[in-house]
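*Asks:* My questions all concern the structure below.
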Amino acid sequence: MSLELSSAQVESLAPDAAALLAGRKLAQASAWSGLGHSERAFWGECQGSALYQTRVARVDLAAKCSCPSRKFPCKHGLGLMLLAAAEPSSFPAGAEPEWVKSWLDQRREAASKPAAPRKPVDAVAQSKRADKRRDNVLAGLDGLEAWMADLLRQGLARAQSQSFNFWDNQARRLVDAQAPGLASRVRWMGARVAASEDWAARLLDDLGTLALLAHAYRKVDELEPGLAADVRRLVGHSMEAVEVVAHGDLVDDDWTVLGEVTEDDERLSTQRAWLRGARSGRNAMVLQFSAGGGRFAETLAAGTRFAGRLAFWPSAAPQRALIAERKGEAKRAPEAPRGESVRGALERYAAALGKVPWLEREAVVLDAVTLRLGEGASAQLVDGEGLAMPLYGQEHEELLALSGGHPMTVLGEWDGYGLRVLKGWKREPGVNEKPGVQGAEGEDRKLGVQGAEPPARGANLEASTP
Amino acid sequence: VSDLLKIAILGTAQNPDAPEPSGTPIDAWTQATKPDDRESALLLLAGGLAVLKRAARPTPAPLKRLEPAPPETRRTPSERLTRLLAALFEETHSELILEALDRLASSGQRIPDELLPIALYTRAQPVREKLAAVLGERGRWLARFNDEWSWAAPAQGDLEARFHEGTAAERRALLESAFRTEPALARKLLTEAWKKEKPEQRQAWLELWSQHLQPEDQSLIEPLLNDRSAPVRLAVARLLWRLPESAVSKRMQQRAAALLTFHKQWKASLPPEKLPEDWLADGIEEEPPRGIGRRQWWLAQLLGALPPHGDPRPAVEAALKHELSAVLLDGLTHAALIHRATDWYGPLWDAWARQPPRAGLLDKPLETLSALLPLVQAEPRMRAALDRDFPELLKFFPRPWPDAIADRFLEGLRFYRPSWSRIFDVAALALPPGKLPEKLPVPGVQSLDTTAHFYFRALDQLQSTLAIRRVLIEETR
């Protein structure tokens, strides 16, 4: 079997450290019987306190196991995948056993099942519903703007002494007004108050950005369609997958999963996976949610690549996408993705902000950057041109360990304030080490508003928010 | 702080003035939106400026460059071995890590970069000691960046300077390393710093010294008998028991001669009712542990101080027959251990294997002796433990087991012996590298009761640990 996977990629699928640890122990051929593979899957049986049947679909590395574990993938799934990555020869080609075949067939049926027949659209009723929602949201905006104006009249210094309810009540009113997107921004603001030294400046930025969004919603019909779709989405109009496929940009490409980040709330896990198309060069963010420790619908392991079609949400600067179709199994991607300079990344981000001023973050892959550490928690990545990007977070142990202070390729999420590092790649000495870059690093520089400014940002801003 | 931010923090109610123009296109744009009130105008201005700021934030001045890590001289392990090491580091109680580190060291490999942080967070001292050899240049370089990792950073300054500047724990560690590498310096540091240390530290140092004791140390140790702390004085006297030419030891030998004789059999009398003051000064503890009489306790200590002599087997056999057998055995074992009389270990082990343990000078005599038995004495006793279905005793012998014992153990697995499952965890680590079968035999059982269930689970675990060790050995040849 030629499963082009590395164990590191499989490990990124582990739901927690305990499952991974248990999985690693099972990554020995002696722990399994009946190992095999077909075009579609690989499988094996593991003797625990009972005999567990474990199968993994090659197309997306989705695993299914007969064990009672509620983790996805369970230790058997992880163990089987790790074994497949390390010792693919342990999986002889063979006919799919019934328990593998029936599962794959079920998956195929579920995937190809047409959506439930839609009721014929009642245009009049639909338009009535839309009007009602719009009225609701507008009423919510009136309340929000009055609340923000009051906050500003009293002064942000007072925000420090406000209770959780102060923010939460306003958020709830927005949820009632069918504007959940605005509600979550309000909750975030409350959470960030007094959380950092520059919290007041951040709060003013957040309030201002929210005021811009409210302003834009009132004029949504005057905006160009892409930006109008952004404003509606950000306020909280959700789109179903079929609508995204019907109205969004469809891009066929070989998609590499650059990296992913999963954030766990009390009940909800959110995963942002950043993908890049090999031919289109486009970046995409696949956002997934799972409740109660369940699995995400799509298995997206960092460092894998698959051929397929992504559908981008309609937007003036399309970023969020869903996987409309996979056309082959996930394979191991070439090691490090192509990187860019700090200047290139900042310009690209500025251009995107010019199109969608509320864009929260964008993935950047920085090439040949070195980690620098300052007093306290400050840290930066500095590129060959001597330009620095500040980092979020205090511990940069993994980056330090991987790089040893030498240049490396780094994937992160840039939000205009700082970079959240998701992954680093060592640069193979002699392969992508550019001597010229090394020399240039001697002159550390500062990119400023007075220096090389990102192009036409003011004009874009004006154009996008009339 | 910008003008706008100042107004926002204090509140517009307190600040009737408009903020100064930002000098960006946002000023004109805000005016053009014709906001309803002052607050809306300020919020829209803030929003526009926030976007502008995020789009065109000046990059910060670069921080100082780090001196990069020097090139490596040791090999990086394969992906397979890296994965295995990752699992071992995450499993905090794994003893396998010690074997893994030894094998990394002997095969010229190092801890892979991505595992350095988790390795450097290790707290267990034995693991840290072995890690030092395999951290590589990258690991030593990295250790400077976190105070918790400083144990692995290259030492600055010479040992003597570090000793004087270090914490109590660091001084103890430095003393230990000096005893191994520069014994003369260790003795100098110890005696010079003696009076400045706390009693607990002085006691800990004596414990350290006892492992590196030389006859010449007598003249350095005897003055310490005047220590101001009673527990330290006791420990000093007991350290001198180990030096037969010391005055303390000589006095103990004289007292013993009056109470104890051995000629084919033991003749023993109990010490006087009241403990003489001079006995106390020579390291005899007055109060016995629970379960042993005062005078018996003093006698055991007296015997426990003497350098053993003569033929061990008859002396031990006779001690077993004596009415004070527990006292005699306790004293003889302590004496053999502190004087490193290895020819006594085997007969004493045999005696303890038949004797129920009781309170005395040693907590676990059988365990202690098992770990110290020379191989020739150990092997027949291990075999006997297996043959007599008393496998727990194998727990205490040094690892790896001799080949012959490994063979016997593996051979024995063909039969269902529930008691053996109690040492599967030990066997998993103790079977020597050449004796790690790919498949273990699975014996048949009459019924699958709880005991059998436990047995097979333990067998699974043994199998899985052996598989891990096989990978480890293949990757570190």
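Read top to bottom, the protein sequences are chains V and F. All letters in the first sequence, in the order written, are residues 16 to 481 by the numbering used here. All letters in the second sequence, in the order written, are residues 798 to 1274 by the numbering used here. Where is the CB? At the ideal position from N, CA and C, for every residue including glycine.
Can a CB atom of chain F be found closer than 8 angstroms to the CB of G445 (chain V)?
*Replies:* Because the pLDDT at G445 (chain V) is just 41, under 50, the model does not fix this residue reliably, and the point stays unresolved.
*Asks:* Pick helix, strand or coil for E111 (chain V), following the three-state DSSP scheme.
*Replies:* Correct three-state label for E111 (chain V): coil.
*Asks:* Using a Cβ-Cβ distance under 8 angstroms, would A32 (chain V) count as near chain F?
*Replies:* A32 (chain V) counts as touching chain F.
*Asks:* In terms of residues, what are the limits of the alpha helix (DSSP H) holding D1204 (chain F)?
*Replies:* Run containing D1204 (chain F): 1200 to 1209, per the alpha helix (DSSP H) assignment.
*Asks:* List, in chain order, every chain V residue whose beta-carbon is nearer than 7 angstroms to that of I806 (chain F).
*Replies:* Within chain V, the residues near I806 (chain F) are G170, L171, A172, A215.
*Asks:* Here's the rule I'm using: 16 or more other beta-carbon atoms within 10 Å means buried, otherwise exposed. How should A77 (chain V) be labelled?
*Replies:* It counts as buried.
*Asks:* Roughly how many angstroms lie between the CA atoms of A37 (chain V) and Q1260 (chain F), to the nearest whole one?
*Replies:* Looking at the two C-alpha atoms, the distance is approximately 15 angstroms.
*Asks:* Got a sec: does the ligand GDP put a non-hydrogen atom nearer than 7 angstroms to the Cβ of R358 (chain V)?
*Replies:* The ligand GDP is absent from the structure shown, which contains no ligands of any kind.
*Asks:* Going by the DSSP bridge assignment, what does K79 (chain V) pair with across the sheet?
*Replies:* DSSP lists V:R70 as partners of K79 (chain V).
*Asks:* How would you list, in chain order, the residues of chain V whose beta-carbon sits under 7 angstroms from the beta-carbon of R877 (chain F)?
*Replies:* The contacting residues are A101.
*Asks:* Mind checking if V848 (chain F) is an interface residue toward chain V, Cβ cutoff 8 angstroms exclusive?
*Replies:* True, the Cβ-Cβ gap to chain V drops below 8 angstroms.
*Asks:* Would you check if the distance between the CB atom of L290 (chain V) and the CB atom of L273 (chain V) is smaller than 8 angstroms?
*Replies:* Closer than 8 angstroms, so yes.
*Asks:* Give the secondary structure of D280 (chain V) by DSSP, where H, G and I count as helix, E and B as strand, and everything else as coil.
*Replies:* It is coil, neither helix nor strand.
*Asks:* Check the Cβ-Cβ distances between K449 (chain V) and every residue of chain F, and say whether any is below 8 angstroms.
*Replies:* Here K449 (chain V) scores only 36 on pLDDT, less than 50, and its place in the model is too uncertain to base an answer on.
*Asks:* Who are the Cβ neighbours of L885 (chain F) in its own chain at under 6 angstroms, not counting the five residues just before and after it?
*Replies:* Hits under 6 angstroms: S891, L893, I894, A897.
*Asks:* If we cut at 8 angstroms on Cβ distances, does A403 (chain V) have a partner in chain F?
*Replies:* Yes, contact with chain F.
*Asks:* I'd like to know whether the C-beta of Q24 (chain V) is nearer than 8 angstroms to at least one C-beta of chain F.
*Replies:* Taking Cβ atoms only, chain F never reaches closer than 8 angstroms to Q24 (chain V), which makes this a no.
*Asks:* Measure the CB-CB distance between G354 (chain V) and L381 (chain V) and report whether it falls below 8 angstroms.
*Replies:* Cβ distance < 8 angstroms, so G354 (chain V) and L381 (chain V) count as in contact.
*Asks:* Which of the three DSSP states is assigned to P405 (chain V) in this structure?
*Replies:* Strand, per DSSP.
*Asks:* As a quick exercise: from V:Y364, V:L368, V:E428, V:A316, pick the residue whose alpha carbon is nearest that of A29 (chain V).
*Replies:* Considering only alpha carbons, the answer is V:A316.
*Asks:* Give me, in chain order, the residues of the same chain whose beta-carbon lies closer than 6 angstroms to that of L1021 (chain F); leave out the 5 immediate sequence neighbours on both sides.
*Replies:* For L1021 (chain F), where only same-chain residues beyond five positions count, the Cβ hits under 6 angstroms are V1033.
*Asks:* Is M1179 (chain F) helix, strand or coil when you go by DSSP?
*Replies:* Looking at M1179 (chain F) - three-state DSSP - the assignment turns out to be helix.
*Asks:* Could you give the DSSP three-state label for Q922 (chain F): helix, strand or coil?
*Replies:* It is helical.
*Asks:* Going by DSSP, name the residue or residues bridged to G933 (chain F).
*Replies:* DSSP output for G933 (chain F) lists no bridge partner at all.
*Asks:* With the cut-off set at 8 angstroms, would you say L1036 (chain F) and L1003 (chain F) are in Cβ contact?
*Replies:* Contact flag set, yes.
*Asks:* Distance, Cα to Cα, L197 (chain V) vs L361 (chain V)?
*Replies:* Rounded to the nearest angstrom, the two C-alpha atoms are 27 angstroms apart.
*Asks:* Going by Cα to Cα distance, which pick from V:P195, V:R173, V:G318 is closest to D75 (chain V)?
*Replies:* For D75 (chain V), the nearest C-alpha among the options comes from V:G318.
*Asks:* Using the Cα positions of K861 (chain F) and P422 (chain V), report the straight-line distance between them to the nearest angstrom.
*Replies:* About 15 angstroms.
*Asks:* Any idea what DSSP makes of Q998 (chain F), helix, strand or coil?
*Replies:* Helix, per DSSP.
*Asks:* Could you please give the first and the last residue of the uninterrupted alpha helix (DSSP H) stretch that includes I1270 (chain F)?
*Replies:* Run containing I1270 (chain F): 1247 to 1272, per the alpha helix (DSSP H) assignment.
*Asks:* With 8 angstroms as the threshold, decide whether the Cβ of V464 (chain V) is near any Cβ in chain F.
*Replies:* Reliability fails at V464 (chain V), whose pLDDT of 37 lies under 50, so the model's placement of it is uncertain and the value that follows must be treated cautiously. So yes, V464 (chain V) belongs to the interface.
*Asks:* Could you give the residue range of the beta strand (DSSP E) that holds K441 (chain V)?
*Replies:* That run of the beta strand (DSSP E) goes 434 to 441.
*Asks:* Apart from the five residues just before and just after N447 (chain V), which ones in its own chain have a Cβ nearer than 6 angstroms to its Cβ?
*Replies:* Residue confidence is low: N447 (chain V) scores 38 on pLDDT, short of 50, so the model does not pin down where it sits. Its coordinate-derived value is still stated next. Counting only Cβ-Cβ distances below 6 angstroms, and skipping sequence neighbours, we find nothing.
*Asks:* Could you tell me the distance, in whole angstroms, from the CA atom of N475 (chain V) to the CA atom of R149 (chain V)?
*Replies:* For N475 (chain V), the predicted model reports a pLDDT of 31, less than 50, meaning its position is unreliable; a value from the coordinates is still stated below. About 27 angstroms.
*Asks:* Could you pull the DSSP bridge partners for L290 (chain V) from this structure?
*Replies:* In DSSP, L290 (chain V) forms a bridge with V:V272, V:A299.
*Asks:* Beta carbon of L881 (chain F), beta carbon of I1202 (chain F): below 8 angstroms?
*Replies:* No, Cβ-Cβ distance for L881 (chain F) and I1202 (chain F) is not below 8 angstroms.
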